[in-house]
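Student:
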Amino acid sequence: MPRLLSIPVSLFLLAILFVQCNKTTIPPNKPSFTYYTDKDNLISNEISSIKADNDDRIWIGTYYGASMFDGSTFTNFTKSSGLVYHQVNNLTVTNNGQVWFATNFGVSMYDGVSWTNYTTENGLGYNLVYEVAFESPNNIWFATGNGVSMLNNQGEWHYYYKEADTTLIHDIVKSVLVDGDNNKWFGTEYGLSKYTQGKWKSYLLNNALNDYIFTLFADNNNQLWVGTLGGVLHLEGDSMVALTTSDGLINNRVEHIAQDSKGHYWFGTKSGVSEYDGSEWKTYDVNNGLPENWVTGIAIDNHDNVWLGTRNHGVVKIEQANR
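FYI, in the numbering used here the residues of the sequence shown are 1 to 323.
1) Under the three-state reduction of DSSP, which class applies to Lys162: helix, strand or coil?
2) How should Asn127 be labelled, buried or exposed, when 16 other C-beta atoms within 10 angstroms of its C-beta is the threshold for buried?
3) Following the continuous beta strand (DSSP E) through Gln259, name the residue where it begins and the one where it ends.
4) Take Tyr118 and list the residues in its own chain whose beta-carbon comes closer than 7 Å to its own, dropping the five residues that flank it on each side.
5) Which whole-angstrom value describes the C-beta separation of Trp266 and Val306, a residue pair presumed to lie in contact below a C-beta threshold of 8 Å?
6) Applying the criterion that 16 or more other CB atoms from any shown protein chain within 10 Å of the CB defines a buried residue, is Asp181 buried or exposed?
7) Given a threshold of 16 other Cβ atoms within 10 Å of its Cβ, counted over all protein chains shown, does Ala164 qualify as buried or as exposed?
8) List the whole-angstrom C-beta distance separating Leu205 from Leu224, where the pair is believed to meet the contact cut-off of C-beta under 8 Å.
9) Which residue comes first and which comes last in the beta strand (DSSP E) that contains Thr296?
10) Which whole-angstrom value is the C-beta distance of Ala52 and Asp301, which I expect to be below 8 Å?
11) Which of the three DSSP states, helix, strand or coil, is assigned to Thr366?
12) Assuming Phe101 is part of the beta strand (DSSP E), what are its boundary residues?
13) Buried or exposed: which applies to Gln320, given that a residue is buried once 16 or more other Cβ atoms fall within 10 Å of its Cβ?
14) Report buried or exposed for Gly155, applying the criterion of at least 16 other Cβ atoms within 10 angstroms of its Cβ.
15) Output the residue ranges of the alpha helix (DSSP H) runs that lie fully inside the stretch 47–130 and measure 4 residues or longer, sorted by chain position.
16) What does the alpha-carbon distance come out to for the pair Thr144 and Thr167?
17) Relative to the C-alpha of Phe214, which residue among Ser175, Ser80, Lys79 and Leu243 is closest?
18) Cutting at 6 Å between CB atoms, please list the residues of its own chain near Lys282, excluding the five before and the five after it.
19) Which residue comes first and which comes last in the beta strand (DSSP E) that contains Ser202?
20) Anyone know if the C-beta pair for Gly61 and Gly297 falls short of 9 Å?
21) Taking C-beta to C-beta, are Asp56 and His303 nearer than 9 Å?
22) For Phe69, which option in Tyr63, Val84, Ile172 and Ile50 has the closest C-alpha, if you only look at C-alpha atoms?
23) Excluding sequence positions up to five away, which residues of its chain have a Cβ less than 8 Å from the Cβ of Ala222?
24) Can you tell which of Val99, Ser72 and Tyr195 has the C-alpha that lies nearest to the C-alpha of Asp162?
25) Which of the three DSSP states, helix, strand or coil, is assigned to Lys39?
26) If I'm right that Val295 touches Gly272 with Cβ under 8 Å, what's the distance once you round it to whole angstroms?
27) Enumerate in chain order the residues of its own chain whose CB-to-CB distance from Thr94 is below 8 Å, with the five nearest sequence positions on each side excluded.
28) Just to confirm my understanding: we take Leu42, look at its own chain, exclude 5 residues before and 5 after, and list those with CB closer than 6 Å. What are they?
29) Is Leu192 helix, strand or coil when you go by DSSP?
30) Return the residue from the list Phe142, Lys79, Gly71 and Gly248 that minimises the CA-CA distance to Asn90.
31) Between Asp219, Gly237, Val254 and Val241, which has its C-alpha nearest Gly231's C-alpha?
32) If Tyr130 and Ala102 are in contact, beta carbons under 8 Å, what's the gap, nearest whole angstrom?
33) Would you mind stating whether Val148 and Phe186 have Cβ atoms separated by less than 9 Å?
34) In angstroms with no decimal places, state the Cα-to-Cα distance between Asp211 and Ile169.
Next comes the structure, spelled out in structure tokens:
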């Protein structure tokens, strides 16, 4: 007959306490990932842009139309819905609920009920549009493949092109941004231009980074961040600070930038996304949750959930625990 071992109660309780204490030292909860594809009624898995509106609806641009996700279902938009063209290059969501779709054949504005389209037939300078930005009161700036178009609040069109060295630095304008001081910034394939009160200033970045600019972003402190083919550039006054793979960035090709409520920056690249809190870096790629590495858009909703568009695998939502 087996012999029973007698263990003092105090020793048994101490062992339980030790295990419980060990449990509390487990690293913080890892983020959770939720994936959305055409199997969930997303219009296409080839994402080109993603934005969140004030009501936490997620707007998604693709190469075959657009989708809106309300948290439970997708609503899809195509040319038959009113979209001027199926290939959406970028989305802009306004505070009054309008959604602007920059496409390869003009721009569409959707106000939740009706559509308004802008092409060269009604004033737009060039149909290939990369991005739309807004200047108070109601001036609209269009970054295009041939200069910049601006529609003012009187319904008048104005056009800006490269002219010698006194205006726009290059005519292929990939990104446009109006910052908190009403400066207009234009990211091109060959440098950066700034337009303020009728005066132009241009910046060549090749001493710090590559001059090919994908995206412009103004952070919570109204400081400018520039995503380029050679890394990220942070403009602080007249000084420029470059961040590259040498600093912790996952890839130097930075196509998208966002910032969450804690001030962390998110940089979307062809090799995944990098999160930067000002001193430390985190990386998300196929090895720890992403369905693929090429990130084609970043949106952050009111709950600090991070929504990523991917080149061929739809949308992924990252929920950070105990942030």
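Virtual Cβ for every residue (Gly too), placed ideally from N, Cα, C. Remember, it's a predicted structure, so these values are computed and weren't measured experimentally.
Tutor: Well, looking at it:
1) The residue you call residue 162 lines up with position 162 of the sequence shown. Coil at Lys162, not helix or strand.
2) Position 127 of the sequence shown, counted from the first residue, corresponds to residue 127. Buried, by the Cβ-count rule.
3) The residue given as residue 259 occupies position 259 in the sequence shown. Gln259 -> beta strand (DSSP E) spans Val254 to Gln259.
4) Mapped onto the sequence shown, residue 118 falls at position 118. Same-chain partners within the cutoff: Gly106, Val107 and Leu124.
5) In the sequence shown, the residue the question calls residue 266 occupies position 266. In the sequence shown, the residue the question calls residue 306 occupies position 306. The pair is a contact, with the Cβ atoms about 6 Å apart (cut-off 8 Å).
6) Position 181 of the sequence shown, counting from 1, holds the residue named residue 181. Result: exposed.
7) On the sequence shown, residue 164 is found 164 positions in, with the first residue counted as 1. Ala164 comes out exposed.
8) Locating residue 205 in the sequence shown gives position 205, counting from the first residue. Locating residue 224 in the sequence shown gives position 224, counting from the first residue. Incorrect: roughly 12 Å between the Cβ atoms, too far for contact.
9) For the purposes of this step, residue 296 is identified with residue 296 of the sequence shown, where counting begins at 1. Here the beta strand (DSSP E) through Thr296 covers Val295 to Ile300.
10) Position 52 of the sequence shown holds residue 52. Position 301 of the sequence shown holds residue 301. Rounded, the Cβ-Cβ distance is 4 Å, consistent with contact.
11) The structure shown does not extend to residue 366, since the chain spans only 1 to 323, so no value can be given for it.
12) Start at 1 with the first residue of the sequence shown, and residue 101 comes out as number 101. Unbroken beta strand (DSSP E) run through Phe101: Val99 to Thr103.
13) For this step, residue 320 is matched to residue 320 along the sequence shown. Gln320 is classed as buried because its beta carbon has at least 16 other beta carbons within 10 Å across all chains shown.
14) Against the sequence shown, residue 155 aligns to sequence position 155. In the assembly as shown, Gly155 is an exposed residue. Its beta-carbon has fewer than 16 other beta-carbons within 10 Å.
15) none
16) Taking the sequence shown and counting its residues from 1, the one referred to as residue 144 is at position 144. Taking the sequence shown and counting its residues from 1, the one referred to as residue 167 is at position 167. Taken atom to atom, the span from the alpha-carbon of Thr144 to that of Thr167 is near 16 Å.
17) Counting from one through the sequence shown, the residue named residue 214 turns up at place 214. Minimum Cα distance to Phe214 is reached at Ser175.
18) Translated into the one-based positions of the sequence shown, residue 282 becomes position 282. For Lys282, where only same-chain residues beyond five positions count, the Cβ hits under 6 Å are Glu275.
19) Taking the sequence shown and counting its residues from 1, one reaches residue 202 at position 202. Per DSSP, Ser202 belongs to the beta strand (DSSP E) from Lys199 to Tyr203.
20) Taking the sequence shown and counting its residues from 1, the one referred to as residue 61 is at position 61. Taking the sequence shown and counting its residues from 1, the one referred to as residue 297 is at position 297. Closer than 9 Å, so yes.
21) Looking up residue 56 in the sequence shown gives position 56. Looking up residue 303 in the sequence shown gives position 303. Yes. Within cutoff.
22) Taking the first residue of the sequence shown as position 1, residue 69 is located at position 69. Nearest C-alpha to Phe69: Ile50.
23) Here residue 222 refers to the residue found at position 222 of the sequence shown. For clarity, residue 222 is Asn in the given sequence; the question names Ala instead. Contacts found: Asp179, Gly180 and Asp181.
24) As a first step, residue 162 must be located in the sequence shown, where it is residue number 162. Checking the displayed sequence, the identity of residue 162 turns out to be Lys instead of Asp. Among Val99, Ser72 and Tyr195, the Cα nearest to that of Lys162 belongs to Tyr195.
25) Here residue 39 is taken as the residue at index 39 of the sequence shown, counted from 1. In the structure shown, Lys39 sits in a helix (DSSP, three-state: H, G or I).
26) Along the sequence shown, read from residue 1 onward, the residue named residue 295 stands at position 295. Along the sequence shown, read from residue 1 onward, the residue named residue 272 stands at position 272. About 7 Å separates the two Cβ atoms, so the contact holds.
27) Here residue 94 is taken as the residue at index 94 of the sequence shown, counted from 1. Excluding positions up to five away in sequence, the list reads Trp100 and Phe134.
28) Counted from its first residue, the sequence shown places residue 42 at position 42. Answer for Leu42: Tyr36, Ser67, Phe74 and Gly314, listed in chain order.
29) As a working note, residue 192 is residue 192 in the sequence shown. For Leu192, the three-state secondary structure derived from DSSP is strand.
30) In the sequence shown, residue 90 corresponds to position 90, counting from 1. Checked all of Phe142, Lys79, Gly71 and Gly248; the closest Cα to Asn90 is Phe142.
31) The sequence position of residue 231 within the sequence shown is 231, counting from 1. It is Val254.
32) Stepping through the sequence shown from its first residue, residue 130 is reached at position 130. Stepping through the sequence shown from its first residue, residue 102 is reached at position 102. Yes, Tyr130 and Ala102 are in contact; Cβ-Cβ is about 6 Å, under 8 Å.
33) In the sequence shown, residue 148 corresponds to position 148, counting from 1. In the sequence shown, residue 186 corresponds to position 186, counting from 1. Yes.
34) By one-based count along the sequence shown, residue 211 stands at place 211. By one-based count along the sequence shown, residue 169 stands at place 169. Taking the straight line joining both Cα atoms gives about 11 Å.
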